[in-house]
């Protein structure tokens, strides 16, 4: 009994120690972000000053204003990023959900073969599709058109897979009952399946938005012109333009660029993590 | 794997919706291969009609995805493979060159160095990302207040969701020689400054460090969920028997989560082989070619020098490596994994 209590106490101390170590690491993980925000509020002349600071000393927004007033079309670039991310997110929520409903709930010839072919898509990197897409886009005038990047990602194997997994985990008694009552499949999809899918749709929406917001390789190849750029590519250009002396301006631009994704994540951490684990674990 | 599962699912019955895996509920309805349920009879619909509508709806629903997938994935992949056997020049005329592009890739010292860089990066990035992610998950897999867990998940997952292009710019200042943040702290504790990005022998290590900082949280999250699936009673029994913790891990936990470990290794490898923006921003592939990756070479050859055929061949090589890794994973997981 005594030894059992001793091991209990020892175990609790071990727990505390581990949590303390993780806490230090977690703060370490956040340092690059803290530094970024801190520098974005500093006067340009102090940006490089050492020791580095990880907490903003003032909330001076003049660097933010300077970015918006600079000759880099920052707002337009921001708009491009938003346009592409919204189009892709909405597009995938529609196409992937429709396909997933068919794969999870309907019987038709070739269904499983089609699904396997679709899953193979998970293995093809953007590098192996970009050359023909570039050549094709050059033919139809979609190079340097932000919407061109959006078109490429209106559906995704991952999205179909995620939604299908979720649908398979849901009971279908309600859907079957509606069918027996004579409801059409379209109505069943819209009225019964879709409302049940809300958590999975949120997960898909957030993951897709974030992923699209962050595309670099494809964006750099297809959207080279300054007015058609997206934020990740523009940030590198901005760094050169605003010059190495204006570190604070680059960090102000970056703070604004990561804002939507950070907000989305703070609000909906649960959905993102559920979505990722659902697709990762059940794979 | 779900693909295998859906393929081997017994199709003993035809239900308006496909049955539950195992189909125990629906089997009772099967009568000489047709669905005969009182409910569907009362709806006054013939089962064959229903099946036809069902198939039509199915095709309609997969149509948008199929068309887009064909246009933006399958067709481009096939075209890339075709291009890899050609010298492509729309102005002066293209011609077939057989395996010349591949031969060039595998005999050129520079491209071989770049291939080696990419494989080296992949090996270390994957090893550290997955193992550190697992260690973090094991550390977090204990009782703690909810807000603390929320904070930890936030801290470790935030780098995952921010574009590599953004954080690489921040890290380029952290890795600076004289004004760098890391060197400042090294000097502070009396250690020599490190030329993180400007020395050919350390540049790749620096990129791997940033990559692990950025991606390990993803694997941590997946492992946390996997660990929660390890049956509690087995663990408790092991604790009662006085099994040492390391042994519990290797005998119970690891075998149990091994499918997830395999998934993570493959997922991480596919990502790491494509490494691009972190290197472009941190070192531009330098010093020399010390950190240049296959993706950088593809862009440089395809869109810089317009060696389209050669660039296509390089991307085919990259894809084949990914296919091999995935195939190995499939084979291994079928052999070893105990579910």
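Residue numbers (my numbering), protein chains in the order written: chain A, 1 to 283; chain B, 284 to 622.
We treat Cβ as the ideally placed atom computed from N, Cα and C, and that holds for glycine.
Proximal residues to residue i (C-beta, below 8 Å), its chain only, five neighbours per side dropped
{"i": "residue 475(B)", "result": "469"}
{"i": "residue 321(B)", "result": "Note that residue 321(B) scores 39 on pLDDT, short of 50, meaning its location in the model is unreliable and no value can be drawn from it."}
{"i": "residue 155(A)", "result": "91, 92, 95, 96, 99"}
{"i": "residue 617(B)", "result": "none"}
{"i": "residue 464(B)", "result": "456, 457"}
{"i": "residue 274(A)", "result": "199, 203"}
Start and end residues, alpha helix (DSSP H) containing residue i
{"i": "residue 331(B)", "result": "330-352"}
{"i": "residue 430(B)", "result": "429-444"}
{"i": "residue 466(B)", "result": "464-471"}
{"i": "residue 474(B)", "result": "Unbroken run through residue 474(B): none, as it is neither H nor E."}
{"i": "residue 407(B)", "result": "392-423"}
{"i": "residue 112(A)", "result": "111-120"}
{"i": "residue 213(A)", "result": "198-214"}
{"i": "residue 488(B)", "result": "486-511"}
{"i": "residue 529(B)", "result": "528-531"}
{"i": "residue 89(A)", "result": "74-105"}
{"i": "residue 161(A)", "result": "157-169"}
{"i": "residue 580(B)", "result": "577-582"}
{"i": "residue 219(A)", "result": "217-222"}
{"i": "residue 452(B)", "result": "447-457"}
{"i": "residue 175(A)", "result": "173-180"}
{"i": "residue 538(B)", "result": "537-556"}
Residues near residue i in its chain [Cβ-Cβ closer than 7 Å; skip 5 each side]
{"i": "residue 227(A)", "result": "73, 76"}
{"i": "residue 100(A)", "result": "160, 163, 164, 167"}
{"i": "residue 599(B)", "result": "363, 364, 367"}
{"i": "residue 285(A)", "result": "In this structure chain A extends from 1 to 283, so residue 285(A) is not present and cannot be described."}
{"i": "residue 517(B)", "result": "535"}
{"i": "residue 452(B)", "result": "564"}
{"i": "residue 681(B)", "result": "Examination of residue 681(B) is not possible in this model, given that chain B is present from 284 through 622 alone."}
{"i": "residue 202(A)", "result": "268, 271"}
{"i": "residue 39(A)", "result": "47, 247, 248, 251"}
{"i": "residue 604(B)", "result": "556"}
Residue of the options minimising C-alpha distance to residue i
{"i": "residue 120(A)", "options": "416(B), 352(B), 399(B)", "result": "352(B)"}
{"i": "residue 586(B)", "options": "59(A), 147(A), 52(A), 130(A)", "result": "130(A)"}
{"i": "residue 269(A)", "options": "206(A), 157(A), 216(A)", "result": "206(A)"}
{"i": "residue 144(A)", "options": "107(A), 175(A), 195(A), 224(A)", "result": "224(A)"}
{"i": "residue 246(A)", "options": "19(A), 48(A), 8(A), 274(A)", "result": "48(A)"}
{"i": "residue 590(B)", "options": "372(B), 522(B), 356(B), 494(B)", "result": "372(B)"}
{"i": "residue 483(B)", "options": "407(B), 400(B), 349(B), 437(B)", "result": "400(B)"}
{"i": "residue 492(B)", "options": "581(B), 460(B), 358(B), 412(B)", "result": "412(B)"}
{"i": "residue 257(A)", "options": "37(A), 217(A), 24(A), 139(A)", "result": "37(A)"}
{"i": "residue 414(B)", "options": "551(B), 578(B), 582(B)", "result": "551(B)"}
{"i": "residue 560(B)", "options": "431(B), 497(B), 502(B)", "result": "497(B)"}
{"i": "residue 58(A)", "options": "171(A), 195(A), 50(A), 42(A)", "result": "42(A)"}
{"i": "residue 421(B)", "options": "566(B), 537(B), 553(B)", "result": "537(B)"}
{"i": "residue 442(B)", "options": "392(B), 481(B), 391(B), 503(B)", "result": "503(B)"}
Where residue i falls, given that 16 or more other Cβ within 10 Å makes a residue buried
{"i": "residue 191(A)", "result": "exposed"}
{"i": "residue 542(B)", "result": "buried"}
{"i": "residue 46(A)", "result": "exposed"}
{"i": "residue 511(B)", "result": "exposed"}
{"i": "residue 220(A)", "result": "buried"}
{"i": "residue 214(A)", "result": "buried"}
{"i": "residue 539(B)", "result": "buried"}
{"i": "residue 111(A)", "result": "buried"}
{"i": "residue 494(B)", "result": "buried"}
{"i": "residue 379(B)", "result": "exposed"}
{"i": "residue 105(A)", "result": "buried"}
{"i": "residue 179(A)", "result": "buried"}
{"i": "residue 16(A)", "result": "exposed"}
{"i": "residue 171(A)", "result": "exposed"}
Contact set for residue i: own chain, Cβ-Cβ below 6 Å, skip 5 residues either direction
{"i": "residue 417(B)", "result": "506"}
{"i": "residue 210(A)", "result": "261"}
{"i": "residue 593(B)", "result": "384, 584"}
{"i": "residue 87(A)", "result": "150"}
{"i": "residue 424(B)", "result": "510"}
{"i": "residue 291(B)", "result": "Note that residue 291(B) scores 38 on pLDDT, short of 50, meaning its location in the model is unreliable and no value can be drawn from it."}
Note down, in chain order, all residues in the segment 432-453 of chain B with a beta-carbon under 8 Å from any beta-carbon belonging to chain A. 433, 434, 435, 436, 437, 438, 439, 440, 441, 442, 444, 445, 446, 447, 448, 449, 450, 452, 453
Name, going along the chain, the residues of the segment 582-593 of chain B whose beta-carbon falls closer than 7 Å to a beta-carbon of chain A. 582, 585, 586, 591
Taking a cut of 9 Å between CB atoms, which residues from the segment 403-420 of chain B lie near chain A? 419
In chain order, what residues of the segment 487-500 of chain B put their CB closer than 8 Å to some CB of chain A? 496, 500
Check distances from the C-beta atoms of the segment 127-159 of chain A to those of chain B and list, in chain order, the residues that come in under 7 Å. 127, 128, 129, 131, 132, 133, 152, 154, 155
Quick one: which residues of the segment 534-545 of chain B get their C-beta closer than 7 Å to a C-beta of chain A? List them in chain order. 543
Please list the residues of the segment 22-33 of chain A that have a C-beta atom closer than 9 Å to any C-beta atom in chain B, keeping them in chain order. 22, 23, 25, 26, 27, 28, 29, 30, 31, 32, 33
Could you please tell me which residues of the segment 460-480 of chain B, in chain order, have their CB closer than 7 Å to any CB of chain A? 462, 464, 467
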